[in-house]
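Mapping to the numbering used here: the sequence shown position 174 is 170, numbers consecutive.
Structure first, commentary second.
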Amino acid sequence: MSVHQCDIAIVGAGAAGIAVAASLKKRQPQLSITLIDPAEKHYYQPGWTMVGRGLFKPQSTERATASLIPKGIKWLAQAVTAFDPTNNKLTLDTDDSVQYAQCVVAAGLTLNWSAVEGLAENLGKNGVTSNYRYDTAPYTWDLVKNLKAGRAIFTQPPMPIKCAGAPQKAMYLSADYWRKQGRLADIQIDFCTATPGLFGVADYVPALMEYVERYKACLNFQTTLTKIDGDNKIAFFNTSEGEIGKPFDMLHVCPPQCAPSFISESPLADESGWVDVDQATLQHKRFDNIWSCGDVMNAPNAKTAAAARAQAPVVAENLIAYRAAKSAALHYNGYGSCPLTVERGKIVLAEFGYGGTLLPSFPKAILNGQKPTRLAWHLKADALPWLYWNAMLKGREWMVKNDAAR
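As structure tokens, then:
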């Protein structure tokens, strides 16, 4: 057993964790920062939607974690098992511990595959797939290519989930392929969502509904996937009228999602299991030397990579202000982005903040996010992956706007 000492401990080396580490190191190179995460691989998860349509190779979304750790930052390839915020201490799965002055929790969320009966056993076979996993996104494309007729079902669980638009992105891209292949008339498309509407920000719904109608998709609201019979290809749903079973030829599943157990069972969690932060400063509500960002915290924003990109400088600035005994410098405005891939070559670029406030990055004359555009497609397909690997994870805070704290 050994004790690792550092100025700042960062739990999680996903998009948010590495971005915060890089942002802190850019601001104060002398800081002693320890990044803790057992994952040997790091994934650009927004790319998996494109893998599921055969447009990206899965390998292009994967990098070795070691290659992404910012210079001068110590990486512990271990897992945190317990938090002791009163004593500024983390316990690791090796029984080592980390002693810190400040801590950033960026542990992501857990995809709860076992929450749907039969999902784990059938995933990747029997026509059951998901773009939420690196190893099954290619199976989505196999199913799409090979489906000539029948029923394709796309599901969305109760919120919160990461990238809330991803379940319908899979539907639109699949339907667009079938339309171009002349198969759409022979394929029934069902979108089964636990939510009461198609998208949480009403301004984007009209453009999406045009594609729902184009693809003749059947919308099923407040319809929650509960069980899969893979052998007989039947999906069961809870609805307002009770349980129903739907036969399928292809079933694309977005799994239920929750906070990791080592977070939800810790002193940092709120009653729902998420890290309890002030939604503006991202500072913990009870432990003032702890911050959180990314999918694991409870601010009411969309859980997207773009949100983490906006949050990283807020955490970095406010943590450094705290170390200098100053008040918070930046406020996070809830920014998140969801590039809704409605067809190959066109995207509805949803950008919004707290309360559904529209927060476009470009003037409408250049890019109207409420309409499908080719420019938004090139942003998603070409610019954003490059921006992720070469800017966000390196502390270059381009295309980020936050509010100065008052």
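Ideal placement from N, C-alpha and C gives every residue a C-beta, glycine not left out.
Everything numeric in this text was worked out from a predicted model, so none of it was measured.
Mind the definition here: the segment 390 to 397 touches the segment 363 to 378 only if three or more C-beta pairs lie below 8 Å; say whether that holds. no
Identity of the residues DSSP links to T406 by a beta bridge: What the structure shows of the chain is the stretch from -3 to 402, and residue 406 is not part of that stretch, so it cannot be assessed.
In chain order, what residues of the same chain have a beta carbon less than 7 Å from the beta carbon of A18, not counting five sequence neighbours either side? In the sequence shown, residue 18 corresponds to position 22, counting from 1. These residues qualify, in order along the chain: P66, L389, K390 and G391.
Suppose you measure from the CA of I259 to the CA of P34; what does that come to, to the nearest Å? Your numbering for residue 259 matches position 263 in the sequence shown. Your numbering for residue 34 matches position 38 in the sequence shown. Near 16 Å, if we compare the C-alpha coordinates of P34 and I259.
Are the beta-carbon atoms of I32 and L72 separated by less than 7 Å? The residue given as residue 32 occupies position 36 in the sequence shown. The residue given as residue 72 occupies position 76 in the sequence shown. Yes, the pair counts as a contact, with Cβ atoms nearer than the cut-off.
Can you give the Cα-Cα distance for G146 and N108, rounded to whole angstroms? Counting from one through the sequence shown, the residue named residue 146 turns up at place 150. Counting from one through the sequence shown, the residue named residue 108 turns up at place 112. So the alpha carbons of these two residues sit roughly 28 Å apart.
Leaving aside the five residues before and after P263 along the sequence, list all residues of the same chain whose C-beta is less than 7 Å from its C-beta, in chain order. The residue labelled residue 263 in the question sits at position 267 within the sequence shown. Same-chain partners within the cutoff: F79 and P81.
CA-to-CA distance, Q279 to Y96, given in whole angstroms: By 1-based counting over the sequence shown, the position of residue 96 is 100. By 1-based counting over the sequence shown, the position of residue 279 is 283. The alpha-carbon atoms of Y96 and Q279 are separated by roughly 16 Å.
If you compare alpha carbons, which of S(-2), L20 and P251 is closest to I307? Counting from one through the sequence shown, the residue named residue 307 turns up at place 311. Just to set this straight, residue 307 is Gln in the shown sequence, not Ile. Among S(-2), L20 and P251, the Cα nearest to that of Q307 belongs to L20.
Which two residues bound the contiguous alpha helix (DSSP H) that contains G13? Along the sequence shown, read from residue 1 onward, the residue named residue 13 stands at position 17. Where G13 is concerned, the enclosing alpha helix (DSSP H) stretches over A11 to R23.
Suppose you measure from the CA of I6 to the CA of A62; what does that come to, to the nearest Å? Position 10 of the sequence shown holds residue 6. Position 66 of the sequence shown holds residue 62. Their Cα atoms are separated by approximately 15 Å.
Unbroken alpha helix (DSSP H) run spanning A78, endpoints: Indexing the sequence shown from 1 puts residue 78 at position 82. Element bounds for A78: not the alpha helix (DSSP H) but the beta strand (DSSP E), V76 to D80.
Name the DSSP bridge partner or partners of M246? Here the question's residue 246 lines up with position 250 in the sequence shown. A148.
Report the residue ranges of all alpha helix (DSSP H) runs contained in full by the segment 298 to 379; include only those spanning at least 4 residues, in chain order. 301 to 319 and 370 to 374
Skipping 5 residues on each side, what residues in its chain have a beta carbon closer than 7 Å to that of G68? As a working note, residue 68 is residue 72 in the sequence shown. Taken in chain order, the residues that qualify are K21 and P25.
Hey, is D131's beta-carbon within less than 7 Å of any beta-carbon in chain B? No chain B appears in this structure, which consists of one protein chain only.
Within the segment 149 to 187, note down every full alpha helix (DSSP H) run reaching 4 residues or more, in order along the chain. 162 to 176
Between which two residues does the beta strand (DSSP E) harbouring I4 extend? In the sequence shown, the residue the question calls residue 4 occupies position 8. Where I4 is concerned, the enclosing beta strand (DSSP E) stretches over V(-1) to V7.
What residue from K342, G349, D225 and K158 has the CA that sits closest to K121's CA? For the purposes of this step, residue 121 is identified with residue 125 of the sequence shown, where counting begins at 1. That would be D225, whose Cα lies nearest to the Cα of K121.
Quick one: Cα of R370 to Cα of M(-3), how far? Taking the first residue of the sequence shown as position 1, residue 370 is located at position 374. Taking the first residue of the sequence shown as position 1, residue -3 is located at position 1. C-alpha separation (whole angstroms): 55 Å.
With DSSP as the reference, please indicate the residues paired to G241 in a beta bridge. In the sequence shown, the residue the question calls residue 241 occupies position 245. Answer is F232.
C-alpha distance - Y135 paired with T45, whole-angstrom precision: Within the sequence shown, numbered from 1, the residue matching residue 135 stands at position 139. Within the sequence shown, numbered from 1, the residue matching residue 45 stands at position 49. Spanning the two alpha carbons is a distance of roughly 12 Å.
If contacts are defined as beta-carbon pairs under 8 Å, then E347 and S333 qualify, I think. What distance do you get, rounded to the angstrom? Taking the sequence shown and counting its residues from 1, one reaches residue 347 at position 351. Taking the sequence shown and counting its residues from 1, one reaches residue 333 at position 337. About 5 Å separates the two Cβ atoms, so the contact holds.
Examine the Cβ distances between the segment 232 to 249 and the segment 294 to 303 and report whether three or more of them are shorter than 8 Å. no
Within 10 Å of its beta-carbon, does A103 have 16 or more other beta-carbons around it, so buried, or fewer, so exposed? Here residue 103 is taken as the residue at index 107 of the sequence shown, counted from 1. It is buried - the Cβ of A103 has at least 16 other Cβ atoms within 10 Å.
When you compare the CB positions of Q152 and I4, do they come within less than 7 Å of one another, or not? As a working note, residue 152 is residue 156 in the sequence shown. As a working note, residue 4 is residue 8 in the sequence shown. No.
Residues that DSSP places opposite Y96 in a beta bridge: Residue 96 sits at position 100 when you count from the first residue of the sequence shown. Paired residue(s): C2.
Below 8 Å on the Cβ atoms is my contact criterion, and I expect G10 with G330 to pass it. Report the Cβ-Cβ distance as a whole number of Å. Translated into the one-based positions of the sequence shown, residue 10 becomes position 14. Translated into the one-based positions of the sequence shown, residue 330 becomes position 334. Not quite, the Cβ-Cβ distance comes to about 20 Å (not below 8 Å), so this is no contact.
Anticipated Cβ contact below 8 Å, L105 with V94, distance rounded: Counted from its first residue, the sequence shown places residue 105 at position 109. Counted from its first residue, the sequence shown places residue 94 at position 98. That pair is no contact at about 22 Å.
In three-state DSSP terms, what is A73? Locating residue 73 in the sequence shown gives position 77, where the first residue counts as 1. DSSP places A73 in coil when its eight states are reduced to three.
Answer yes if the segment 201 to 212 comes into contact with the segment 125 to 140, meaning at least three C-beta pairs across the two stretches below 8 Å, and no otherwise. no
Exposed unless 16 or more other CB atoms sit within 10 angstroms - verdict on L354: For this step, residue 354 is matched to residue 358 along the sequence shown. It counts as exposed.
Straight-line CA distance for I316 to A75? Counting from 1 along the sequence shown, the entry for residue 316 is found at position 320. Counting from 1 along the sequence shown, the entry for residue 75 is found at position 79. Whole-angstrom Cα-Cα distance: 26 Å.
Which one of S28, A12, T30 and G193 has the shortest CA to CA distance from H38? Position 42 of the sequence shown, counted from the start, is the residue given in the question as residue 38. Considering only alpha carbons, the answer is A12.
Let me know if Q177 comes out buried or exposed under the rule of 16 or more other beta-carbons within 10 Å of its beta-carbon. In the sequence shown, counting from the first residue as 1, residue 177 sits at position 181. That one is exposed.
Would you identify the three-state DSSP class for S408, choosing helix, strand or coil? Within the shown structure, residues of the chain are numbered from -3 to 402, placing residue 408 beyond reach of any answer.
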